[in-house]
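Trainee: For the sequence shown, the numbering used here begins at 371 and goes up steadily by one. C-beta atoms are modelled at their ideal positions from N, C-alpha and C, and glycine is treated no differently. Quick caveat: nothing in here was measured; it's all calculated off a predicted structure.
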Amino acid sequence: MSQSNRQSILGGATMNFFNTHTIAKGSIKTTSPLYQRQQTRLSIAVSSALKFGMSSVLLVATSANSSNINNDMSNNNLGNSDNHQPSSFAYDSWTPNDPKELSLPSLRGQGLSFDEQYQNKLLGEWSLRKANSQIKMEHDPWIQETVKDMTWRLNAQARQQAPMAVVIIDSPSINAFAAPGGVIGLNTGTILAANSMDELASVVAHEVAHISQHHYESGASERRKAMLMQLGGMLAAIAASAVDGDAAAAVMMGSQTATMNSSMAFSRSNEREADRVGMQIMTQAGYDPRAMPRFFATMNQQSQLNQVENRFLPSFVQSHPLSNERLSEAQSRAQNYPSLSLKQQQRYQTLFDLLYWRVKSTGKHASETELSTAAKNSVGAKLALMHWYGEQQRFQDANEMLASINALPAVQRQALEPLLSITQSQILSEQDKWTLAADILESQQRLYPERRDLRLYLAEALTNSNEPMKAQALLKPLTQQQPSDRYAWQSLQLANEKLAKTTTSPELASIATINALRYRSHDQLWSGRYERALTSLTQAKQLAENLQNTPQANSARPLLANINAELKAIKTAKDFEP
Numbered sequence: 371m372s373q374s375n376r377q378s379i380l381g382g383a384t385m386n387f388f389n390t391h392t393i394a395k396g397s398i399k400t401t402s403p404l405y406q407r408q409q410t411r412l413s414i415a416v417s418s419a420l421k422f423g424m425s426s427v428l429l430v431a432t433s434a435n436s437s438n439i440n441n442d443m444s445n446n447n448l449g450n451s452d453n454h455q456p457s458s459f460a461y462d463s464w465t466p467n468d469p470k471e472l473s474l475p476s477l478r479g480q481g482l483s484f485d486e487q488y489q490n491k492l493l494g495e496w497s498l499r500k501a502n503s504q505i506k507m508e509h510d511p512w513i514q515e516t517v518k519d520m521t522w523r524l525n526a527q528a529r530q531q532a533p534m535a536v537v538i539i540d541s542p543s544i545n546a547f548a549a550p551g552g553v554i555g556l557n558t559g560t561i562l563a564a565n566s567m568d569e570l571a572s573v574v575a576h577e578v579a580h581i582s583q584h585h586y587e588s589g590a591s592e593r594r595k596a597m598l599m600q601l602g603g604m605l606a607a608i609a610a611s612a613v614d615g616d617a618a619a620a621v622m623m624g625s626q627t628a629t630m631n632s633s634m635a636f637s638r639s640n641e642r643e644a645d646r647v648g649m650q651i652m653t654q655a656g657y658d659p660r661a662m663p664r665f666f667a668t669m670n671q672q673s674q675l676n677q678v679e680n681r682f683l684p685s686f687v688q689s690h691p692l693s694n695e696r697l698s699e700a701q702s703r704a705q706n707y708p709s710l711s712l713k714q715q716q717r718y719q720t721l722f723d724l725l726y727w728r729v730k731s732t733g734k735h736a737s738e739t740e741l742s743t744a745a746k747n748s749v750g751a752k753l754a755l756m757h758w759y760g761e762q763q764r765f766q767d768a769n770e771m772l773a774s775i776n777a778l779p780a781v782q783r784q785a786l787e788p789l790l791s792i793t794q795s796q797i798l799s800e801q802d803k804w805t806l807a808a809d810i811l812e813s814q815q816r817l818y819p820e821r822r823d824l825r826l827y828l829a830e831a832l833t834n835s836n837e838p839m840k841a842q843a844l845l846k847p848l849t850q851q852q853p854s855d856r857y858a859w860q861s862l863q864l865a866n867e868k869l870a871k872t873t874t875s876p877e878l879a880s881i882a883t884i885n886a887l888r889y890r891s892h893d894q895l896w897s898g899r900y901e902r903a904l905t906s907l908t909q910a911k912q913l914a915e916n917l918q919n920t921p922q923a924n925s926a927r928p929l930l931a932n933i934n935a936e937l938k939a940i941k942t943a944k945d946f947e948p
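The following block contains the structure:
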């Protein structure tokens, strides 16, 4: 996310406030990272995306000589081809002996040493920071929670380790990717191209399979270099797609051309295996494996249409080559799995309807006319239209839509939770009725205490209801579970700003100011803005050192210890180069 977008979320006044180290007393309305509306799309210049992709290629190329000199060491660190364990699947092993008893082979702990796992972790964190700095993300917490829940369920069938992060990219192109360390990315265009939750799960299962089968790591250093070039080109292509889909495809084609000799045949083999393993993962997680060839067919039709119109192929086809042979194999393989009943096929229908129209609404991909027309037959569109009315300050229309939804039978209304309560709270927040919004969200948070989205929405309402301490209690576990959770860090910063401005205790105000600077640095770190993160922490350190000569000296010591550790972590991240 660019600095201009960052300021639009947190507010320029907030940044100036901390740069001058002053606390202004009096009541304020906290700027919300959850309810702030992004009215314009990300303006990433295509030339910048090309430059980034090329810099990744040059980075690998310039490291080749040193890698060859230390070949023995790199073999120990990265694993060599002789020691690399082959896949535990035979080519035709997808055919089950008894279709009623499907068994997913164990994919855990295959061939990666502790050092290799650590290097993959660093690489995953690097790619995540790069993506955050280059690409416009879909930050809606409910959308993120819905996709994350599906991804975690699929991942659990194949890997003991949870994904490092699931990022949702605000782009109309159909694309998905996985990176070493467990970073999984999905374009909103992929969600809108799918016809069911099962089809969407087929894409994610395919990416989980790539990670579980270690397709992004290999013993040969040349293949690892090729993977890094592809990763750099992939991130550049995703960034370019926010401006021009054809330009994105051109970037992707350039990165693939650079690595074609060493990786394309290997890639086709990987794609077949990811299809095969992904289908098994889907089945074990309770999704319909027949959805995978259905989504492939959609992609195939789009590819043929683009070829007729002399346009570039969809990004997903560029990064995941889709041949007629592969499509035929997937269709044949799916027939060997048990058919689902109509009831089973419709089990996620309401959830996908909600997800589809929520993406349409938050991404500004639907007009009032489209939403109104769809709302006649879709409850997901009703909620999306209600949300749209709230954004447009048309609160009477929003309340009328809420009344029509509340008139539904109780069972149908319950199927809409917690999104129904979230949408209602957002409309109240648009009217500055934060206390009422918090009351609605608290009832849902008691029912679903584990949900990240409810914690974020509720923390926002509590902060604006002058209860920042309660907000912090909700937010801190999120950053412990997911250190890269930028929205949780932003919300913690805002809660401490609010506390510093409203508390009657000068001591508490000083500590809140220091913590707000610390939390701001975490957000800057995960958006790849290392120098600004260091500046924020340096300011926090100066304020903490000043506390050592006051009665708050006991509080200053642990703060300084945390700040010094955070400074070291930022410098390590800044110096890391794959």
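So, helix, strand or coil for Ala549, using DSSP?
Mentor: strand
Trainee: Taking Ile538 as part of the beta strand (DSSP E), name the residues at either end of that continuous run.
Mentor: Ala535 to Ile539
Trainee: Helix or strand or just coil, what does DSSP make of Leu811?
Mentor: helix
Trainee: Under 8 Å by Cβ, that's how I've got Asn493 and Pro948 pegged, so tell me the actual separation to the nearest angstrom.
Mentor: The displayed chain sequence assigns Leu, not Asn, to residue 493. That pair is a contact at about 5 Å.
Trainee: Report yes or no: do the segment 552-572 and the segment 725-744 share at least 3 C-beta pairs separated by less than 8 Å?
Mentor: yes
Trainee: Looking at C-beta atoms only, is the number of pairs between the segment 653-662 and the segment 516-528 that lie closer than 8 Å three or more?
Mentor: Touching, yes, given that three or more Cβ pairs across the two stretches are closer than 8 Å.
Trainee: Are there three or more Cβ pairs, one per stretch, closer than 8 Å when the segment 877-894 is compared with the segment 851-861?
Mentor: yes
Trainee: Would you be able to state if there are at least three C-beta pairs under 8 Å between the segment 749-763 and the segment 732-741?
Mentor: yes
Trainee: Write down the C-beta distance between Leu811 and Ala831 rounded to the nearest angstrom, noting that I regard them as a contact closer than 8 Å.
Mentor: In this structure Leu811 is in contact with Ala831, their Cβ atoms being roughly 6 Å apart against a cut-off of 8 Å.
Trainee: Which of the three DSSP states, helix, strand or coil, is assigned to Pro928?
Mentor: helix
Trainee: Mind checking which residues open and close the alpha helix (DSSP H) that includes Ala564?
Mentor: That residue, Ala564, is in no alpha helix (DSSP H); it is neither H nor E in DSSP.
Trainee: Is the segment 529-544 close to the segment 500-514, with three or more CB pairs under 8 Å?
Mentor: yes
Trainee: Give the straight-line distance between the Cα atoms of Ser897 and Gln504, rounded to the nearest whole angstrom.
Mentor: 9 Å
Trainee: Would you call the CB atoms of Thr845 and Ala865 closer than 8 Å?
Mentor: Note that residue 845 is Leu in the sequence shown, not Thr. In contact: Leu845 and Ala865 (Cβ atoms closer than 8 Å).
Trainee: Would Val517 and Ala579 be called neighbours here (beta carbons separated by less than 8 Å)?
Mentor: No, the pair does not count as a contact, with Cβ atoms beyond the cut-off.
Trainee: Mind checking who Met507 pairs with in its DSSP beta bridge?
Mentor: DSSP output for Met507 lists Ile539 as bridge partner(s).
Trainee: Measure the Cβ-Cβ separation of Ser497 and Ala532 and say whether it is below 8 Å.
Mentor: no
Trainee: Within 10 Å of its beta-carbon, does Thr942 have 16 or more other beta-carbons around it, so buried, or fewer, so exposed?
Mentor: exposed
Trainee: Compute the Euclidean distance between the alpha carbons of Arg529 and Ser582, then round it to the nearest angstrom.
Mentor: 6 Å
Trainee: Whose C-alpha, out of Pro838, Phe666 and Lys713, is nearest the C-alpha of Glu695?
Mentor: The shortest Cα separation from Glu695 among Pro838, Phe666 and Lys713 belongs to Phe666.
Trainee: If you draw a straight line from the alpha carbon of Pro819 to that of Glu699, how long is it in whole angstroms?
Mentor: 43 Å
Trainee: Which of the three DSSP states, helix, strand or coil, is assigned to Leu556?
Mentor: strand
Trainee: Between Asn932 and the rest of its own chain, which residues show a CB-CB distance below 8 Å, the 5 nearest in sequence each way excluded?
Mentor: Arg888
Trainee: Please state whether DSSP places Gly648 in a helix, a strand or coil.
Mentor: DSSP places Gly648 in helix when its eight states are reduced to three.
Trainee: Is the shortest distance between the beta-carbon of Arg821 and the beta-carbons of chain C less than 8 Å?
Mentor: Absent here is chain C; the protein component of the structure consists of one chain.
Trainee: Quick one, which of Ala935, Glu936 and Ala914 has its alpha-carbon nearest Ala926's?
Mentor: Ala914
Trainee: With DSSP run on the structure shown, which of helix, strand or coil describes Asp485?
Mentor: helix
Trainee: Identify which residue in Ser702, Phe765, Gln850 and Asn545 has its Cα closest to the Cα of Lys803.
Mentor: Phe765
Trainee: Between Ser906 and Gln894, is the Cβ-Cβ spacing less than 8 Å?
Mentor: A contact, by the Cβ cut-off of 8 Å.
Trainee: Rounded to whole angstroms, what is the Cα-Cα separation between Ala704 and Glu515?
Mentor: 29 Å
Trainee: Quick one: what's got a C-beta closer than 8 Å to Lys938's C-beta in the same chain, skipping five residues either side?
Mentor: none
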